[in-house]
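Trainee: These protein sequence lines are chains A and B, in that order.
Take 34 as the starting number for the first sequence in the working numbering and just add one per residue.
Take 36 as the starting number for the second sequence in the working numbering and just add one per residue.
Okay, here's the structure, questions in a sec.
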Amino acid sequence: MQAFEYASPSTLHEALALLGSQWGEADVLAGGTDQISLMKDFIHTPKRVVNIKGVKELGGIHHSAQGLRIGATVTFDELAGNPAVRTEYPALHSAVMGVASPQIRNMGTAGGDLCQRPRCWYYRRGFGLLALQDGKSLVPNGDNRYHAIFGGGPAYFVSPSSLGPALIALGAKVKLVSASGQRVISAEKFFVSPQNESSRETALLPNEILTEIQVPPARGVKNATYEIRQKEALDWPLVTASVALQMQGSTVSKCSIVLGHVAPTPWSAAKASQALDGKALTPETIQQAAEAAGDGATPLSGNEYKVKLARVAVKRALLEASGKG
Amino acid sequence: MSLKQEPEKRKRKSNFSRRGFLQGVGITSGVLTTGVLEKEAEAQSSPKVAGPGEVPITLQINGRPYKTSVEPRTTLLDALRHRLDLTAAKRVCDRGTCGACTVIVDGKVMYSCTVLAIDAQGRQIQTLEGLAQNGKPHAVSRAFVANDAQQCGYCTPGFVMAAKGFLDKNPNPTYEEVKSGLGGNLCRCGTYMGVRKAVLDAAKEMKGAKNA
């Protein structure tokens, strides 16, 4: 790890003043579960580390009629233990519990989950987000068993966020604050598929801090997350599906289906959602939506199996949301 | 480790203090002792920027304070092992994955390889060294022995701390709960069966034993 100077501000104002205008000047530290590994591997070599855990206004879960406000430094463990998350937002609760290590749940934060860097092994070995060697991506002809099946490049890593798909399905927004102002953008727009080597995979700028996540009320919204993984213990999922269904009687009035770990961003399965819009939730319509979830996939040499997993994950998430899981 | 034996590091430490002090009060020259410089720097500059050289820290471990100095990049695990000679927590993956470095911080199990030592100040840190009481091994440790829950033993201290932290929150667990509750620890020898049985046995023994 490269040596850095360290600050632990107690207010957001102080924290923002400590950030730089370029990446590499200052990194934000919260749970550290990704940040410290990135620094150990020299993927990040910041001159300064700004620890935001002491900033009180970045903590806390607030539930009201307006929905759920999740502070950036709220841990997975806090989310897991929150009664509103458990009852009104099961899609979020399942996503949290998918992080199978109690240690990571005690340390990792909601903001950190959205801002963590990709786990792609080419990225983690220093080949950058596009995994380039001599101007060519190493992924199509390399070991791509866990890489993207949607998007078609030039980036092939998968978004590692556990909460992203559920938050997008639930219509959440994130607040990004800098010393000169603030903006609130949809969780969907927060994630970006980088088109060149110098761009990032989120909308966050180097002088900004993601301060909170705003989730709209979900009472009466059937929602669930289903995760497919290789083993029960601590590991990354192969594919996840988060679904949120607004109902009018027994008919689906609005449907949002978002896949995780299949593309450089959480992937909205628009065709699968359309397959259910205006229809009743039956085993047949669920099957149709699941089939549509694989539409448009462009799997690589070693990951066609993930297309089938995507369909299965959508089917099981829908069954769970409908109460038949 | 005494600072007297580390002239190089000591020099860096006083550099940090002087710079912090000068920034804080706007003095451009002066001769003061290190101790005064540190205190002044703390009082004047807000928020304080520490490092990249060594800075003095105090860690509260197993109920007592330990003073040392570390660079901000030093992890809690490395501070425990290399500075404080508390070597029970093991460095295996060093990437927050295997659990061999597990300690309990403010009542919660954490990977000490993935916490900065400087950030662990002011928190209650429990390591395996603090588990035995009056020379008697903790109920969890005894159950590990009784169930042959270790082979090479390298993951064992982490497992014992993970189990202690788990049982503090789930005093009467089912087998399935034990399995998921220890999901953050790996054993390459594959002693999981013995470990899970040990945790169930320890749960039985600890019931009613308030300070076990």
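All residues carry an ideal CB built from backbone N, CA and C; glycine is no exception.
Note that this is a predicted model, so its numbers are computed, not measured.
What three-state label does DSSP hand A/R157 in the structure shown?
Mentor: Along the first sequence, one-based indexing puts residue 157 of chain A at 124. Of the three classes helix, strand and coil, the one that applies to A/R157 here is helix, per DSSP.
Trainee: Between the beta-carbon of A/A205 and the beta-carbon of A/V248, is there less than 8 Å?
Mentor: For this step, residue 205 of chain A is matched to residue 172 along the first sequence. For this step, residue 248 of chain A is matched to residue 215 along the first sequence. In contact: A/A205 and A/V248 (Cβ atoms closer than 8 Å).
Trainee: Between the alpha carbons of A/L333 and A/H180, how many angstroms are there, rounded?
Mentor: Within the first sequence, residue 333 of chain A is the residue found at index 300, counting from 1. Within the first sequence, residue 180 of chain A is the residue found at index 147, counting from 1. Answer to the nearest angstrom: the Cα atoms are 8 Å apart.
Trainee: Write down every uninterrupted run of the alpha helix (DSSP H) in the segment 310 to 342 of chain A whose length is 4 residues or greater and which is fully enclosed by it, in chain order.
Mentor: For the segment 310 to 342 of chain A, whole alpha helix (DSSP H) runs of length 4 or above, ordered along the chain, are 316 to 325.
Trainee: Pull out every residue of the segment 96 to 107 of chain B whose Cβ sits closer than 8 Å to any Cβ of chain A, in chain order.
Mentor: Those would be E106, P107, in chain order.
Trainee: For B/Y146, which residues of its own chain have a beta-carbon under 6 Å away from its beta-carbon, when the five flanking residues on both sides are left out?
Mentor: Here residue 146 of chain B refers to the residue found at position 111 when the second sequence is read from its first residue. Closer than 6 Å at the Cβ level, and outside the excluded window around B/Y146, lie G131, C136.
Trainee: What residues match up with A/G293 in a beta bridge as DSSP calls it?
Mentor: Along the first sequence, one-based indexing puts residue 293 of chain A at 260. A/T273, per the DSSP bridge assignment.
Trainee: Where does B/F201 land, buried or exposed, given buried means 16+ other C-beta within 10 angstroms?
Mentor: Position 166 of the second sequence, counting from 1, holds the residue named residue 201 of chain B. By the 10 Å Cβ count, B/F201 comes out buried.
Trainee: Over what stretch of residues does the beta strand (DSSP E) that includes B/I96 continue unbroken?
Mentor: In the second sequence, residue 96 of chain B corresponds to position 61, counting from 1. Looking at the DSSP string, the run of the beta strand (DSSP E) that includes B/I96 is 90 to 96.
Trainee: With 8 Å as the threshold, decide whether the Cβ of A/E58 is near any Cβ in chain B.
Mentor: As a working mapping, residue 58 of chain A is identified with position 25 in the first sequence. No, A/E58 does not count as interfacial toward chain B.
Trainee: Return the first residue and the last residue of the beta strand (DSSP E) that A/D60 is part of.
Mentor: The sequence position of residue 60 of chain A within the first sequence is 27, counting from 1. Looking at the DSSP string, the run of the beta strand (DSSP E) that includes A/D60 is 59 to 62.
Trainee: According to DSSP, simplified to helix, strand and coil, what is A/A128?
Mentor: In the first sequence, counting from the first residue as 1, residue 128 of chain A sits at position 95. DSSP places A/A128 in helix when its eight states are reduced to three.
Trainee: Between B/K199 and chain A, is the shortest Cβ-Cβ distance under 8 Å, so that the two count as touching?
Mentor: Within the second sequence, residue 199 of chain B is the residue found at index 164, counting from 1. So no, B/K199 is outside the interface.
Trainee: Going by DSSP in three states, A/M34 sits in which element: helix, strand or coil?
Mentor: Sequence index remark: in the first sequence, residue 34 of chain A carries index 1 (1-based). A/M34: coil per DSSP, three-state reduction.
Trainee: Quick check: what's the CA-CA separation for A/T284 versus B/V150?
Mentor: The residue you call residue 284 of chain A lines up with position 251 of the first sequence. The residue you call residue 150 of chain B lines up with position 115 of the second sequence. Looking at the two C-alpha atoms, the distance is approximately 49 Å.
Trainee: Are the CB atoms of A/G184 and A/S232 nearer to each other than 8 Å?
Mentor: To locate residue 184 of chain A, count along the first sequence from 1; it is residue 151. To locate residue 232 of chain A, count along the first sequence from 1; it is residue 199. Result no, Cβ atoms of A/G184 and A/S232 do not sit closer than 8 Å.
Trainee: Does the beta carbon of B/Y146 sit closer than 8 Å to a beta carbon anywhere in chain A?
Mentor: Counted from its first residue, the second sequence places residue 146 of chain B at position 111. With 8 Å as the cut-off, B/Y146 counts as an interface residue toward chain A.
Trainee: Please specify which runs of the beta strand (DSSP E), each continuous and at least 3 residues long, are wholly inside the segment 95 to 127 of chain A, giving them in chain order.
Mentor: Counting whole runs of 3 or more residues, the segment 95 to 127 of chain A contains the beta strand (DSSP E) stretches 100 to 104.
Trainee: Can you confirm whether B/V213, when its beta carbon is compared against all beta carbons of chain A, has any partner nearer than 8 Å?
Mentor: As a working mapping, residue 213 of chain B is identified with position 178 in the second sequence. No, B/V213 does not count as interfacial toward chain A.
Trainee: Looking at the strands, I want to know which residues DSSP matches up with A/L165.
Mentor: As a working note, residue 165 of chain A is residue 132 in the first sequence. Its beta-bridge partners are A/S170.
Trainee: According to DSSP, simplified to helix, strand and coil, what is A/L200?
Mentor: Translated into positions along the first sequence, residue 200 of chain A becomes position 167. In the structure shown, A/L200 sits in a helix (DSSP, three-state: H, G or I).
Trainee: Is there contact between the segment 258 to 267 of chain A and the segment 109 to 117 of chain A, where contact requires at least three CB pairs shorter than 8 Å?
Mentor: The answer is no - the segment 109 to 117 of chain A does not touch the segment 258 to 267 of chain A, with fewer than three Cβ pairs under 8 Å.
Trainee: State yes or no: is the beta carbon of B/L115 nearer than 8 Å to at least one beta carbon in chain A?
Mentor: As a first step, residue 115 of chain B must be located in the second sequence, where it is residue number 80. No, B/L115 lies away from the interface with chain A (no Cβ there is under 8 Å from its Cβ).
Trainee: Identify every residue that forms a DSSP beta bridge with A/Q247.
Mentor: Position 214 of the first sequence, counted from the first residue, corresponds to residue 247 of chain A. Partner(s): A/R102, A/K206.
Trainee: State the DSSP-derived secondary structure class of B/P192, mapped to helix, strand or coil.
Mentor: Along the second sequence, read from residue 1 onward, the residue named residue 192 of chain B stands at position 157. Reduced to three states, the DSSP call for B/P192 is helix.
Trainee: Name the residue from B/D203, B/C224, B/G225 whose alpha carbon lies nearest to the alpha carbon of B/G216.
Mentor: Reading the second sequence from its first residue, position 181 is the one you call residue 216 of chain B. Comparing Cα-Cα distances from B/G216 to each of B/D203, B/C224, B/G225, the minimum goes to B/D203.
Trainee: At 7 Å on the CB atoms, spell out the chain B contacts of A/L267, in chain order.
Mentor: One-based indexing of the first sequence puts residue 267 of chain A at position 234. In chain order: T132, G218, G219.
Trainee: Which same chain residues end up closer than 6 Å to B/Y101 when comparing Cβ atoms and leaving out the 5 residues on each side of it in sequence?
Mentor: Position 66 of the second sequence, counted from the start, is the residue given in the question as residue 101 of chain B. So the list reads L94, L119, once near-sequence residues are dropped.
Trainee: Does the Cβ of B/R99 have 16 or more other Cβ atoms within 10 Å, making it buried, or fewer, making it exposed?
Mentor: As a working mapping, residue 99 of chain B is identified with position 64 in the second sequence. By the neighbour-count rule (16 or more Cβ atoms within 10 Å), B/R99 is not buried but exposed.
Trainee: Assuming B/D141 and B/Q159 are in contact, meaning their beta carbons sit under 8 Å apart, how far apart are those beta carbons, in whole angstroms?
Mentor: Along the second sequence, read from residue 1 onward, the residue named residue 141 of chain B stands at position 106. Along the second sequence, read from residue 1 onward, the residue named residue 159 of chain B stands at position 124. Rounded, the Cβ-Cβ distance is 5 Å, consistent with contact.
Trainee: On a CA-only basis, which of A/K80, A/K255, A/L62 is nearest A/T244? Give me that one, please.
Mentor: As a position in the first sequence, residue 244 of chain A is number 211, starting the count at 1. For the residues A/K80, A/K255, A/L62, the minimum Cα distance to A/T244 belongs to A/L62.
Trainee: Based on Cα-Cα distance, which residue from B/E89, B/P91, B/R177 lies nearest to B/E240?
Mentor: Indexing the second sequence from 1 puts residue 240 of chain B at position 205. Nearest option by C-alpha distance: B/R177.
Trainee: How about B/I153: is its C-beta nearer than 8 Å to some C-beta of chain A?
Mentor: Translated into the one-based positions of the second sequence, residue 153 of chain B becomes position 118. At least one chain A Cβ lies under 8 Å of B/I153.
Trainee: Under 8 Å by Cβ, that's how I've got B/V175 and B/Q161 pegged, so tell me the actual separation to the nearest angstrom.
Mentor: Taking the first residue of the second sequence as position 1, residue 175 of chain B is located at position 140. Taking the first residue of the second sequence as position 1, residue 161 of chain B is located at position 126. Actually they do not touch by this definition, with Cβ atoms about 12 Å apart.
Trainee: In this structure, does DSSP put A/G214 in helix, strand or coil?
Mentor: Mapped onto the first sequence, residue 214 of chain A falls at position 181. Looking at A/G214 - three-state DSSP - the assignment turns out to be strand.
Trainee: Assign A/R349 to one of three DSSP states: helix, strand, or coil.
Mentor: Locating residue 349 of chain A in the first sequence gives position 316, counting from the first residue. Of the three classes helix, strand and coil, the one that applies to A/R349 here is helix, per DSSP.
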